[in-house]
Amino acid sequence: EAGVAQSPRYKIIEKRQSVAFWCNPISGHATLYWYQQILGQGPKLLIQFQNNGVVDDSQLPKDRFSAERLKGVDSTLKIQPAKLEDSAVYLCASSLAIQSTEAFFGQGTRLTVV
Amino acid sequence: ELKVEQNPLFLSMQEGKNYTIYCNYSTTSDRLYWYRQDPGKSLESLFVLLSNGAVKQEGRLMASLDTKARLSTLHITAAVHDLSATYFCAVDGTGANNLFFGTGTRLTVIP
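As you go down the protein sequences, you meet chains A and B in turn. Under my numbering, think of the first position of the first sequence as 163, with each following residue one higher. Under my numbering, think of the first position of the second sequence as 236, with each following residue one higher.
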């Protein structure tokens with residue numbers, strides 16, 4: 163079974179630039195999550211989708227971050243404009259359903275803002 | 236907001252020794268997860284604990300959950316070098332897999 167795919171693996175941008183990350187969840191998984199993991203910390207949930215609808219985006223900095231999952235499959239996370247403190251690994255995860263007891267994580271995109 | 240605390244943050248132990256990592260959380264939850272993360276890699280699910288008193292074991296790792304004390308433990312028995320990694324506990328804050336993670340415990344097993 164293919165896992166959660168993310169791209170790119172690495173990205174370096176200058177502050178105030180824009181960046182986008184892509185995630186393809188496990189086939190058939192209705193629920194998709196984006197997490198931010200700052201170096202030395204645990205992951206923090208940014209946004210949760212159920213199919214193409216947002217379930218929870220309470221921790222998403224909406225002034226600069228946006229995410230979509232238009233067809234209920236792939237998702238993109240965008241940062242515009244980036245700040246130095248956005249340097250982190252962005253992890254995508256998916257689960258079969260909201261009630262599922264396990265989420266599977268992708269390898270993440272490591273973003274460095276200089 | 237749900238708070239999850241792990242201790243210790245760093246753990247260096249010799250091969251063959253036993254040790255326990257603790258995970259405390261601030262709000263009632265019936266779902267607790269343990270993950271392993273190797274440097275530069277993603278999170279690997281180790282255990283899912285769904286009820287008070289749940290105990291699960293896999294190899295040299297055993298996890299338990301006490302929902303009344305809001306405490307989970309990850310016990311390492313006779314550590315080996317391959318167990319070196321960062322271990323996270325995570326608590327489901329809403330019952331919808333909205334996970335709140337601890338800060339992690341970086342384990343180094345010394346041969």
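The beta-carbon is built from N, C-alpha and C at its ideal position, and this holds for glycine as well. From a predicted model like this one, the values you see are computed outputs, not experimental measurements.
Quick one: give me the first and last residue of the beta strand (DSSP E) that His310/B is part of. Leu306 to Ile311
Comparing the C-beta of Gly270/A with each C-beta of chain B, is any distance below 7 angstroms? yes
Got a sec, what are the start and stop residues for the beta strand (DSSP E) Asn259/B sits in? Tyr254 to Tyr260
Does any residue of chain A bring its CB to less than 7 angstroms from the CB of Ser286/B? no
Contacts around Val217/A, its chain only, beta-carbon distance under 8 angstroms, and the 5 residues preceding and following it disregarded: Thr193, Gln210, Phe211 and Ile260
Local conformation of Asp218/A per DSSP, three classes: strand
Can you tell me where the beta strand (DSSP E) with Leu239/A in it begins and where it stops? Ser237 to Ile241
If Tyr268/B and Ser280/B are in contact, beta carbons under 8 angstroms, what's the gap, nearest whole angstrom? 7 angstroms
Determine the DSSP secondary structure at Asp248/A, reduced to helix, strand or coil. helix
Residue environment, Tyr252/A, which counts as buried when at least 16 other CB atoms sit within 10 Å: buried
Reduced DSSP category for Asp317/B - H, G, I as helix; E, B as strand; rest coil: helix
With a CB to CB cut of under 7 angstroms and the five nearest residues on each side skipped, what residues in its chain are close to Phe267/A? Val166, Leu253 and Ala255
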